[in-house]
Structure formats: structure tokens, C-alpha cells
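Read the structure below first, then the notes.
Residue numbers (mature numbering (1 follows the signal peptide of the UniProt record, and there is no 0)): -22 to -1, 1 to 243.
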């Protein structure tokens, strides 16, 4: 489901966008519209501030590990929704080392990036593919997404865009209210853009982190959803050897296919 990726690109475009600074969210949570006048879309600058603060903090982290429980709706031709589950892990040191793993109902993949090369590995199939990579995590994720059509688990944490058109596409940004996610007090934010509604929960802190993300695709009549619940470790013990893939004897190297060779898939 591509919708989460396009939405998250917009989310982190907003993270970098300038906005009116505000120390606290609105005291009164958003309420449903009661008449035609209330249907006017609202972009609350204080909500945008929350995203900016989160982006500033994420960029400042020297290293981190984040684990996520992810569920995703797949819609059958009959219109029936099937929910699939996965457990994702992302480990990052600096701006040039990354390890990611997604272990789910449909498939399991691992990614290794050491500042020079990126390897994608399918441990159950014993296939791997390695390409030369740019010098930073952000540049590498951009390359593999656009050139190869490959999405690294939780890559949204690095997709800091700068396209004003993406910011202008935002139709609503609302503060919903406080919420408890896995025992943490979080602020619940809600956003809308064409074809997508998305909700983000951030820790209520001067160092905010994402707690939960829900994306609803509204231009499909079944309204499929994507949900991720995050668990953060800001002081992980990560050995440097983790970021370089070392194939076993029975692993088989295959070539990365360009997105154009895959029919855009």
C-alpha cells in the first residue's frame, strides 16, 4: 500500500516547514462540525509546531533503536479486508549507518547500510542484493525508493521533504486531545490531505517522539488502514558490524531491479 509512504513524505515535509511557534497545544480539543460554516478545513499552526519540534529532536539523535508493531489492510477483489501484521526494527547510528528488519505474515526482509553499500536480504529465501549507496541514510533511502522502488521499514523517519506543494496539499491539521499509548502521555494530532486521513500521537515532552501512527486511505471505498505503534530506545548498544552484510555459504546474490523494470511496483 503506497499511501502511507506518500503521506509520511508530507508529514516530514511539514516537520521542516516554518511555522508560528507555540509552547502548548490548544486547550480545547477538536470537535465535530455542527453546521456548514464549521466544515471549513483548518490547519492549526500549533499542531504544525508539534511536528517541527519532533523533527528537530529526531535529527539531533546520535543513535537510536525503534521497534514497531505494524498492521496493514489488504483489500481483496471482493472488497473484503485482510489485516496483516509485522514487527519492524530500525537501528541507526549517526547519519551513515542503518539496520532495518521487517518480519511479517507476508514476508521478512533485512537491510544493511554502512555508509558505502546497501544490502537487502530475504533470510528465508536466502537471496540478497547489494548496491553502491550514497554517503548518508537520507540520500540512500531516496535513491532506493525512487530508482529501485524499494521501501526500507520505517523509512518515514528520514523522509524530510522540502516541496512547498506538499505542504500546500495539507487540508487539515487538528489537535484532538491527550491520549495514553503504552503507558505514555501523548498528544493526539489529526491531519487530512486529498485521499488520506492520518493521525499521529507524539509524546508530551520537550523531546517529542512518535508513539503511534494511523493512516486511512479515504479514496478507496473500503477505507483500508495502516497502523504502527512505536517503542523507542535512545541508548542502544549497537555493534558496528551489524551494518555490513556478510553472506552465508548458501546465500545467493541477485541483482537489484530498477522500478521501471518492475512495472513501477
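All residues carry an ideal CB built from backbone N, CA and C; glycine is no exception. Quick caveat: nothing in here was measured; it's all calculated off a predicted structure.
The C-alpha of residue 133 is placed about 24 Å away from the C-alpha of residue 197. CA-to-CA, the gap between residue 228 and residue 95 works out to about 21 Å.
Annotation for residue 24: the continuous alpha helix (DSSP H) segment containing it runs 23 to 38. In this structure residue 81 touches residue 64 by the C-beta definition: roughly 6 Å separates them, less than 8 Å. In the three-state reduction of the DSSP assignment, residue 73 falls in the coil class. In the three-state DSSP reduction, residue 220 falls in the helix class (H, G or I).
Per DSSP, residue 215 lies in no alpha helix (DSSP H) and is assigned neither H nor E. When DSSP states are grouped into helix, strand and coil, residue 122 belongs to the helix group. Apart from the 5 residues on each side of it in sequence, residue 57 sits with its Cβ closer than 7 Å to the Cβ of 200 in its chain, given in chain order.
Residue environment: residue 161 is assigned as exposed (fewer than 16 neighbouring CB atoms within 10 Å of its CB, all protein chains considered). In this structure, the CA atom of residue 73 is about 33 Å from the CA atom of residue 156. Boundaries of the beta strand (DSSP E) harbouring residue 156: 148 to 159, taken from the DSSP string.
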